[in-house]
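When we follow the working numbering, the leftmost residue of the sequence shown carries the number 7, and every step to the right adds one. Input: a single structure, listed below in C-alpha cells.
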Amino acid sequence: MEEKTQAYSKEVLALAKNPKHFGRMNDPSASAYLKGICGDDMEFYLIIKNKIIENAQFYTQTGCEATKACGSTAAQFVIGKSVDDAMDISPKKILEALNYGLPENHRHCSILAVSTFYKALACHLLLD
Ligand code: FES
C-alpha cells in the first residue's frame with residue numbers, strides 16, 4: 007500500500023480524498039454506466055442546454071482512488087464547455103491534469119472515465 011500511494015501525484019491524492027463532482031444526479035440530460043475490465047464501474051451524468059454542458063457528475067461504487075480522481079477530472083474538464091469542445095477530452099488530457107500521477111497499472115482509470123463520459127454524450131447526441 008505504501009509503495010502504491012507513493013506513485014500517486016498530490017493531485018490524485020487530493021481528489022481521491024475529496025472527489026469533486028461526485029454523486030448521482032436526478033433528471034440528467036444524459037447518463038451512462040460502464041464497467042471497466044478491472045471490475046471498477048463508473049456512472050456519468052450530464053446536464054446539457056443549448057449545446058453547453060452546464061453540469062456533469064460521476065459516481066462509482068467500486069472505483070479505487072485513481073478512478074475517483076479520473077472521474078473528478080473528467081467532469082471538471084467538460085463542465086461549461088460546448089459539446090464540441092468537450093469532445094477534446096482524452097485519457098491523455100486526464101493524465102496531464104493529474105500531473106501523470108497514476109501508476110502504470112492505474113492509467114486505465116482515465117480510459118474508464120473518458121469512455122463513460124463519451125457514452126453519456128453519445129446518448130445525448132442520439133436522442134437530442
Ligand atoms: Fe480499474 Fe480504476 S482500478 S478503473
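Each residue gets a CB set at the ideal place from its N, CA and C atoms; glycine is no exception. These figures come from a predicted structure and were not determined experimentally.
Where residue i falls, given that 16 or more other Cβ within 10 Å makes a residue buried
i, result
"Gln63", "buried"
"Glu60", "exposed"
"Asn105", "exposed"
"Glu71", "buried"
Assumed close pair residue i, residue j - CB separation to whole angstroms, cut-off 8 Å
i, j, result
"Asp46", "Thr79", "Their Cβ separation, rounded to whole angstroms, is 15 Å, which puts Asp46 and Thr79 out of contact at 8 Å."
Pair within 8 Å by beta-carbon distance, residue i and residue j
i, j, result
"His130", "Leu21", "no"
"Ser15", "Gly107", "yes"
"Leu144", "Ser116", "Absent from the model: residue 144. The displayed extent of the chain is 7 to 134, so no value can be given."
"Val89", "Ile54", "yes"
"Lys125", "Ala38", "yes"
"Tyr65", "Gly29", "yes"
For residue i: DSSP bridge partner residues
i, result
"Tyr65", "Glu49"
In chain order, each alpha helix (DSSP H) run of at least 4 residues that lies wholly inside the stretch 71-129 = 71-84, 89-92 and 97-103
Mind pulling the beta strand (DSSP E) runs of 3 or more residues that sit fully within the stretch 14-41?
-> 36-41
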